[in-house]
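Below: one structure, written as structure tokens.
Protein chains: 2
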Amino acid sequence: MSVYIAPQQDTIFVLDQLVELDKLAAQYALDDVSLELAEVIVQEAGKLATDVLSPLNTTGDKHGAVLVDQQVQQSPGYKEAYQQYVDNGWATLTGPTEFGGQGLPNVLGTAINELWHSANMAFALCPMLSQGAVEALTAHGSPELQKRYLHKLISGEWTGTMNLTEPNAGSDLAAIACKAKPEGDHYRIRGQKIYITWGDHQMTSNIVHLVLARLPDAPAGVKGISLFVVPKYLLSDEGEPTELNDARCISLEHKLGIHASPTCTMSFGDNDGAIGYLIGEPNKGLSYMFTMMNHARQSVGLQGLSISERAYQQARQFAKDRTQGTTKEGQKIAIIDYPDVRRMLMAMKSGCEAMRALSLCAAADIDKHHHGDLDAKARVEFYTPIVKGWMTELSQELTSLNIQIHGGMGFVEETGAAQHFRDARILTIYEGTTGIQALDLVGRKTLNDDANALKQLLNEVSNTVSQLSTSTDTTLNQITPRLNRALQKATAVKDWLLAQGKADRQMAANVSVDYLMMMGYLCGGWLMAKSALRAVELSGQNNLNSEANTYSEDFLTAKQGTAHFYAEYYLPRVHQHADTVLSGLSSTFSLDTDQL
Amino acid sequence: MSVYIAPQQDTIFVLDQLVELDKLAAQYALDDVSLELAEVIVQEAGKLATDVLSPLNTTGDKHGAVLVDQQVQQSPGYKEAYQQYVDNGWATLTGPTEFGGQGLPNVLGTAINELWHSANMAFALCPMLSQGAVEALTAHGSPELQKRYLHKLISGEWTGTMNLTEPNAGSDLAAIACKAKPEGDHYRIRGQKIYITWGDHQMTSNIVHLVLARLPDAPAGVKGISLFVVPKYLLSDEGEPTELNDARCISLEHKLGIHASPTCTMSFGDNDGAIGYLIGEPNKGLSYMFTMMNHARQSVGLQGLSISERAYQQARQFAKDRTQGTTKEGQKIAIIDYPDVRRMLMAMKSGCEAMRALSLCAAADIDKHHHGDLDAKARVEFYTPIVKGWMTELSQELTSLNIQIHGGMGFVEETGAAQHFRDARILTIYEGTTGIQALDLVGRKTLNDDANALKQLLNEVSNTVSQLSTSTDTTLNQITPRLNRALQKATAVKDWLLAQGKADRQMAANVSVDYLMMMGYLCGGWLMAKSALRAVELSGQNNLNSEANTYSEDFLTAKQGTAHFYAEYYLPRVHQHADTVLSGLSSTFSLDTDQL
Numbered sequence: 008m009s010v011y012i013a014p015q016q017d018t019i020f021v022l023d024q025l026v027e028l029d030k031l032a033a034q035y036a037l038d039d040v041s042l043e044l045a046e047v048i049v050q051e052a053g054k055l056a057t058d059v060l061s062p063l064n065t066t067g068d069k070h071g072a073v074l075v076d077q078q079v080q081q082s083p084g085y086k087e088a089y090q091q092y093v094d095n096g097w098a099t100l101t102g103p104t105e106f107g108g109q110g111l112p113n114v115l116g117t118a119i120n121e122l123w124h125s126a127n128m129a130f131a132l133c134p135m136l137s138q139g140a141v142e143a144l145t146a147h148g149s150p151e152l153q154k155r156y157l158h159k160l161i162s163g164e165w166t167g168t169m170n171l172t173e174p175n176a177g178s179d180l181a182a183i184a185c186k187a188k189p190e191g192d193h194y195r196i197r198g199q200k201i202y203i204t205w206g207d208h209q210m211t212s213n214i215v216h217l218v219l220a221r222l223p224d225a226p227a228g229v230k231g232i233s234l235f236v237v238p239k240y241l242l243s244d245e246g247e248p249t250e251l252n253d254a255r256c257i258s259l260e261h262k263l264g265i266h267a268s269p270t271c272t273m274s275f276g277d278n279d280g281a282i283g284y285l286i287g288e289p290n291k292g293l294s295y296m297f298t299m300m301n302h303a304r305q306s307v308g309l310q311g312l313s314i315s316e317r318a319y320q321q322a323r324q325f326a327k328d329r330t331q332g333t334t335k336e337g338q339k340i341a342i343i344d345y346p347d348v349r350r351m352l353m354a355m356k357s358g359c360e361a362m363r364a365l366s367l368c369a370a371a372d373i374d375k376h377h378h379g380d381l382d383a384k385a386r387v388e389f390y391t392p393i394v395k396g397w398m399t400e401l402s403q404e405l406t407s408l409n410i411q412i413h414g415g416m417g418f419v420e421e422t423g424a425a426q427h428f429r430d431a432r433i434l435t436i437y438e439g440t441t442g443i444q445a446l447d448l449v450g451r452k453t454l455n456d457d458a459n460a461l462k463q464l465l466n467e468v469s470n471t472v473s474q475l476s477t478s479t480d481t482t483l484n485q486i487t488p489r490l491n492r493a494l495q496k497a498t499a500v501k502d503w504l505l506a507q508g509k510a511d512r513q514m515a516a517n518v519s520v521d522y523l524m525m526m527g528y529l530c531g532g533w534l535m536a537k538s539a540l541r542a543v544e545l546s547g548q549n550n551l552n553s554e555a556n557t558y559s560e561d562f563l564t565a566k567q568g569t570a571h572f573y574a575e576y577y578l579p580r581v582h583q584h585a586d587t588v589l590s591g592l593s594s595t596f597s598l599d600t601d602q603l
Numbered sequence: 008m009s010v011y012i013a014p015q016q017d018t019i020f021v022l023d024q025l026v027e028l029d030k031l032a033a034q035y036a037l038d039d040v041s042l043e044l045a046e047v048i049v050q051e052a053g054k055l056a057t058d059v060l061s062p063l064n065t066t067g068d069k070h071g072a073v074l075v076d077q078q079v080q081q082s083p084g085y086k087e088a089y090q091q092y093v094d095n096g097w098a099t100l101t102g103p104t105e106f107g108g109q110g111l112p113n114v115l116g117t118a119i120n121e122l123w124h125s126a127n128m129a130f131a132l133c134p135m136l137s138q139g140a141v142e143a144l145t146a147h148g149s150p151e152l153q154k155r156y157l158h159k160l161i162s163g164e165w166t167g168t169m170n171l172t173e174p175n176a177g178s179d180l181a182a183i184a185c186k187a188k189p190e191g192d193h194y195r196i197r198g199q200k201i202y203i204t205w206g207d208h209q210m211t212s213n214i215v216h217l218v219l220a221r222l223p224d225a226p227a228g229v230k231g232i233s234l235f236v237v238p239k240y241l242l243s244d245e246g247e248p249t250e251l252n253d254a255r256c257i258s259l260e261h262k263l264g265i266h267a268s269p270t271c272t273m274s275f276g277d278n279d280g281a282i283g284y285l286i287g288e289p290n291k292g293l294s295y296m297f298t299m300m301n302h303a304r305q306s307v308g309l310q311g312l313s314i315s316e317r318a319y320q321q322a323r324q325f326a327k328d329r330t331q332g333t334t335k336e337g338q339k340i341a342i343i344d345y346p347d348v349r350r351m352l353m354a355m356k357s358g359c360e361a362m363r364a365l366s367l368c369a370a371a372d373i374d375k376h377h378h379g380d381l382d383a384k385a386r387v388e389f390y391t392p393i394v395k396g397w398m399t400e401l402s403q404e405l406t407s408l409n410i411q412i413h414g415g416m417g418f419v420e421e422t423g424a425a426q427h428f429r430d431a432r433i434l435t436i437y438e439g440t441t442g443i444q445a446l447d448l449v450g451r452k453t454l455n456d457d458a459n460a461l462k463q464l465l466n467e468v469s470n471t472v473s474q475l476s477t478s479t480d481t482t483l484n485q486i487t488p489r490l491n492r493a494l495q496k497a498t499a500v501k502d503w504l505l506a507q508g509k510a511d512r513q514m515a516a517n518v519s520v521d522y523l524m525m526m527g528y529l530c531g532g533w534l535m536a537k538s539a540l541r542a543v544e545l546s547g548q549n550n551l552n553s554e555a556n557t558y559s560e561d562f563l564t565a566k567q568g569t570a571h572f573y574a575e576y577y578l579p580r581v582h583q584h585a586d587t588v589l590s591g592l593s594s595t596f597s598l599d600t601d602q603l
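Printed below as a string of structure tokens:
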């Protein structure tokens, strides 16, 4: 099995040079927040990730969660690992301070979450879901509900779940049929939910289910959905778990991957009805979900990076160790020295770096938005489907390259490469498929916005191109024209969308995924170029400041190399996807259903 | 589980309009061969594929082959299915008539093999390997060996295996260490072989292992490898299996997919040494392997088509059945009517059609080469790495789209979509990885050939462009400029290879996979355009001949639709890969090993 080591320096570089964390901390008077703090917590989290969570990743794949006597038994070792995660205070990182959280910015939470998902994605889904419950309750729960539930969710003493999907309501939440009947100060919830991640386990003394359901008099469709808290164990007046609520896991899915993450079918109200408490106002459930959506979707996008990084580290180690063939002098050749293996490793490394840059910048924009920056809000809205859609799609390719580098061994389960590939396959599906992200991007975030956010982003890319253009660095001079051509092509796509796409929404939908992928590769190329620019500046600097000092010359030239590779290897995809967009894929419906 | 139905009309269309089977039969006086015969055998094979092999595909995934008491037990039902396959005479299809084969051309064998691999790839690997053994013995075996082994291999009474790989010799056969010691009229073979497909089973009364090993005085490297027949059971003078040879399966791989195909570690000579018989001359084993290689590699490429077709059929059915959302009038909407789902289905269908066109044309060139056509030989050499590399790479994407169309259900194993995705993952690895194919294409088949075969192919594409240019059909007029631009780009790549690539072989290696993928998409686009051209001609024809009559108007317009989609969706990838080639990926080695 592969060893996972947190890519600390890469994370710090992005926080430092692209996010400009210190500036952000100063601007919003986040006194405790600094690059130094980031270094410390990445280092500490890295230890837990490497020593505890990463080795359990294989265990969990082989011995997935099981349902025994209507109770889910998590994979061996997971309860102890979770306890350690809680004891070390990791659950509290970004929670609001008034409920026991550390109140650190989302961008730092994201930097750390990357490590958890790399080390053990199936495990890390559990705290990820809890974070969603915390967010919902913090934003919309009554003070009473907050008091009873938030402290223990934030400390990690309890975990949280999100109950949305039903057998007939997948991407279409309007079809939700779960019912909630008022009864005194609470409601009785009845119905079935499917695909509930970590819907049950024995790691904590309680589980807080957030459930979408309809009140008796609710309007049809998405405007009649309300959000409820349904605890696994009902609480005493003192807030301690007492008797079991009428909510249970009735089956587990047998999945392609993430075996350690129990995917539950939850049945609410088989007997008297599960007791639940309304969050916020009636019929606002969906809009409450939307407030969490940007963060949740970005979190899944982040998983795309995490699992790719994990796969990259494994592929790199294998390629260094494995020899094939000999030199003329009879020396064995490590396969890392073969051009095509090197190409694949560079594709993985530069892809991961681009994703990390995008996800941390997008995460920082969530922080800026929370502090009232409306430009950042527009960016968050625009970035989110790209982070979710593009990064998870790219992770399919990069985890597959890990198998490819392993050759025949990659297809053998014991090697572990296959697990990352299988685990990754859920990422383009849950929390909204790539198609859903793409419709969101092209519709709400572009056409309905008159492409303002898009124009803003293209302006930023243009500014970077201008900066690059003044450089005399030979590597940057390789990157600049490629980025500029990609920018011009994306500008043509913008114009096309505003003309053709606006006039023909179906045509816009035809090309939506290509538009999303184009934007992903462009954003990646832009941030990689920016990284290279910073690396050149830092490298050429005579007066090294303390930050710059932390980067070795090797590290800085590598940043230029991966950016150069990205430009040669990935930027042509901007044109490919753009050409498909510009065709309008007018042939999408050229066949009748019966001709397919 | 999905039902598989042979895409009979599509197969016949390619054989008729692109391969021009009747012309081929006339040219080489293959009296029995005709389109009518093709229709009959596709229909009959389709029945066995649908009724017998296809249902066992899931069984084999759930209950893979197991090793019990040093014997491999195949999946339940497989022995009976294999017997039916043999009883119906399918094993004999292309075998030479002097040993009981039907002597049908390779292109018909390929058309039928597509069905077996679609229905049950793990099963079909067994006869596929036997075909390799037949080919080797037919080409290089002594009359005595042929007499003793060929009849029963061709009838299917026995099966064959290929024993190449060893723990330290993966892609690098020079490292083969297995030993063969002369002893009278035979040899004693000792050593271990890994990844031996269908290396053991109980479906037949014997198994004929073909084994690469070194004679005592053999030169080092690839020039010292000889090829041996090593039967599982030694033969009596009458040619009947008697006692067990000293060759056994000592373990099975636990694989990501194709669970029903036992992947054996074979141990030869644990006791007295396995008795083997030399095929042909000493030290020529590798060159004998090369004579089989084009066919074997094209067969694996074909598997890429087969599994994609299977995945497409499943996705199509699901998309028709599954509803999400309602129209304004309250009618449920089948997801097949959503643009992005339709896009994915069109990507799958047009991708399969392009692959089928390429694989059958390449298969027919093997026939033409066998009949002495030297131009065809050059095409076979050039096509083979493209068929193998591009088609198997594309199958990764298309089997993944099947999961994507299924949404959450695609990630659940019971649906069966995940199996095709898992099974497909081996295809870019075995029988030479994509990287190996790409090196072959760029090196031996292009640069060493002064790009003559490439130029020939570009000429053929150019001819098609010229034919298309004279058409007034509106769909063709959409396709023509796109194909022409792709052709121009490929021509630029040819020039680059002859200039830069020839001067810098490492740079050529950097971009080899991109070159291969570019060629694949170009070949696909060319043949799809040709199909559309034929469809337009047939459709506009007033004097329908009997062949043309077999195609409905719906079928012919669909051919134009998928070709149009291919041009909009896949041809931009020619430019993407070409742009990467033209960059030389000069950054591939920009990082030292330690910087990765």
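Which chain is which? The protein sequence lines are F and A, in order.
So in the numbering used here, spot 161 of the first sequence is number 168, and the numbers just go up one at a time.
So in the numbering used here, spot 350 of the second sequence is number 357, and the numbers just go up one at a time.
Idealized CB from N, CA, C, for every residue including glycine.
Interface residues of chain F around residue i at Cβ under 7 Å?
i: residue 565 of chain A; result: 598 and 602
i: residue 421 of chain A; result: 261
Under the criterion of a Cβ to heavy atom distance below 7 Å, does residue i qualify as lining the ligand NAD?
i: residue 137 of chain F; result: Here there are no bound small molecules, and the ligand NAD is not part of this structure.
Kindly list, in the order they appear in chain A, the residues whose Cβ is closer than 8 Å to that of residue i.
i: residue 436 of chain F; result: 410, 411, 414, 415, 417 and 418
i: residue 352 of chain F; result: 603
Using the beta-carbon of each residue, which ones in chain F are nearer than 8 Å to residue i?
i: residue 568 of chain A; result: 594, 597, 598 and 602
i: residue 587 of chain A; result: 575, 576 and 579
Reducing DSSP to helix, strand and coil, say where residue i ends up.
i: residue 11 of chain A; result: coil
i: residue 317 of chain F; result: helix
i: residue 230 of chain F; result: helix
i: residue 32 of chain A; result: helix
i: residue 258 of chain F; result: strand
i: residue 367 of chain F; result: helix
Counting only beta-carbon atoms, is residue i nearer than 8 Å to chain A?
i: residue 346 of chain F; result: yes
i: residue 373 of chain F; result: no
i: residue 325 of chain F; result: no
Quick one: does residue i have its CB under 8 Å from some CB of chain F?
i: residue 179 of chain A; result: yes
i: residue 678 of chain A; result: Residue numbering for chain A in the displayed model covers 8 to 603; residue 678 of chain A lies beyond these limits and cannot be assessed.
Below 9 Å on C-beta distance, what does residue i contact in chain F?
i: residue 332 of chain A; result: 178, 179, 181 and 182
With residue i and residue j assumed to form a contact (beta carbons below 8 Å), what rounded beta-carbon distance in angstroms separates them?
i: residue 348 of chain A; j: residue 412 of chain A; result: 6 Å
Report the residue ranges of all alpha helix (DSSP H) runs contained in full by the region 496 to 553 of chain F; include only those spanning at least 4 residues, in chain order.
-> 512 to 517 and 519 to 547
Inside the region 378 to 409 of chain F only - beta strand (DSSP E) runs reaching at least 3 residues = none
Alpha helix (DSSP H) runs wholly inside the region 44 to 81 of chain A, at least 4 long, in chain order | 61 to 69
Counting only runs of 3+ residues fully inside the region 264 to 311 of chain A, write out the beta strand (DSSP E) ranges in chain order.
-> 270 to 275 and 281 to 285
Let me know the alpha helix (DSSP H) ranges lying completely inside the region 115 to 155 of chain A, each 4 residues or longer, listed in chain order.
-> none
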